[in-house]
Amino acid sequence: MKKLYVASITPFDGNNQINDSAMRQLWDRNLAEGADGFFIGGSSGECFLLSREERVHTFELAGEYTDRTEMFAHVGAISTEEAIFYARKAKEMGIQNIAATPPFYFGFSDKEIAGYYYDIAEAVDMPVLYYNIPSSTHRELNPSQPDLAALLKSGAVGAIKHTNLNLYQMERIHDVNPDIRCYGGFENCMVAFLAFGCDGFIGSNFNFMLPQYKKVMELYLSHHDDEARILQSKSNCILDAVLKNGLCASLKYIASCQGIQAGEVRKPMCPLTENQKAEIDRVIGMYMEIK
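Residue numbers (UniProt numbering): 1 to 291.
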């Protein structure tokens, strides 16, 4: 069964504080739309712009939903100690899955990266989802590198969020360890990821157009390939506008238009201009077919 997880935004109120009621409202809606779960505190959630207390608070909110759905808590940090702190807090809240970007900035070696994941997994006695997003971390997950290959075989990593257009790399990861679940992190290539055997997706645009992406997947899995590609292309026109105008700001604007008071993005990110809002409105009106 291929699963679709929403890479959740973090709504803010008028005082730039986390808006608990809006978060719950969004999750409730996504669950009604058929979401299989949520990825909390990732890139779409402005993770590294949140304070320590705010990151823990998002885990507390997610803990309210663990009897209803599956949750992934992103605990990535530059410091192993900090990542372990978040991982332990998430586990205390009953969150079923821990995810982490590799540490960045200092140019850590592959051995150091592997050690980071071993330490997190050992600290919470559960495997970690490796959040593979080289466009942001500038760190490639090379499954032929000995330290990383050993990590993938060890059981310390149980899943990958493959936010990377290198599908050959995803296939090689599966070859190293067929038991690792590989989730596509780029919904703009859903059809291609499915062809390469991914186990589902963790997507940002699922916040506001999950039914359309569910339809893309259903069409492909039922062998309606041409229809799947056509709907994929229409969905990509929306994603292009979202990325062009700023992922987080666009997601929050669209959520607010749909009745979820998501607020603005954290600085130094910029809010949308009126022209940018108009462009997003136009593109959604043209290409969003399933609501």
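No residue lacks a Cβ here, since even glycine has one placed at the ideal position from N, Cα and C.
Same chain, Cβ closer than 6 angstroms to residue i, neighbours up to 5 away in sequence not counted
i, result
"residue 130", "157, 160"
"residue 23", "11, 61"
"residue 29", "none"
"residue 26", "260"
Check whether residue i and residue j have beta carbons under 8 angstroms apart
i, j, result
"residue 35", "residue 5", "yes"
"residue 246", "residue 272", "yes"
"residue 188", "residue 251", "no"
"residue 280", "residue 254", "yes"
"residue 39", "residue 99", "yes"
"residue 7", "residue 42", "yes"
"residue 152", "residue 120", "no"
"residue 95", "residue 58", "no"
"residue 9", "residue 45", "yes"
"residue 123", "residue 150", "no"
"residue 80", "residue 116", "yes"
"residue 225", "residue 2", "no"
"residue 102", "residue 55", "no"
"residue 132", "residue 164", "yes"
Residues near residue i by beta carbon distance below 7 angstroms, same chain, minus five either side
i, result
"residue 49", "266"
"residue 261", "11, 19, 22"
"residue 176", "143, 149, 152, 153"
"residue 184", "162, 190, 193, 198, 201"
Nearest-angstrom Cβ-Cβ length linking residue i and residue j, presumed shorter than 8 angstroms
i, j, result
"residue 217", "residue 243", "Going by Cβ atoms, the distance from residue 217 to residue 243 rounds to 21 angstroms, so no, they are not a contact pair."
"residue 241", "residue 283", "4 angstroms"
"residue 170", "residue 186", "Contact doesn't hold; Cβ gap of about 11 angstroms is too wide."
"residue 192", "residue 167", "6 angstroms"
Bridge-paired residues (DSSP) for residue i
i, result
"residue 41", "According to DSSP, residue 41 bridges with nothing at all."
"residue 202", "5"
"residue 157", "128"
"residue 70", "37"
"residue 182", "160"
"residue 18", "12"
Same chain, Cβ closer than 8 angstroms to residue i, five either side skipped, listed in chain order
i, result
"residue 173", "141, 143, 152, 160, 162, 180, 182"
"residue 277", "253"
"residue 16", "263, 264, 266"
"residue 270", "246, 249"
"residue 287", "234, 235, 237, 238"
Given 8 angstroms, three or more beta-carbon pairs between the segment 102 to 113 and the segment 143 to 153: Between the segment 102 to 113 and the segment 143 to 153, the count of Cβ pairs shorter than 8 angstroms is three or higher; the stretches touch.
Sufficient close CB pairs (3 or more, under 8 angstroms) joining the segment 227 to 235 to the segment 206 to 214: yes
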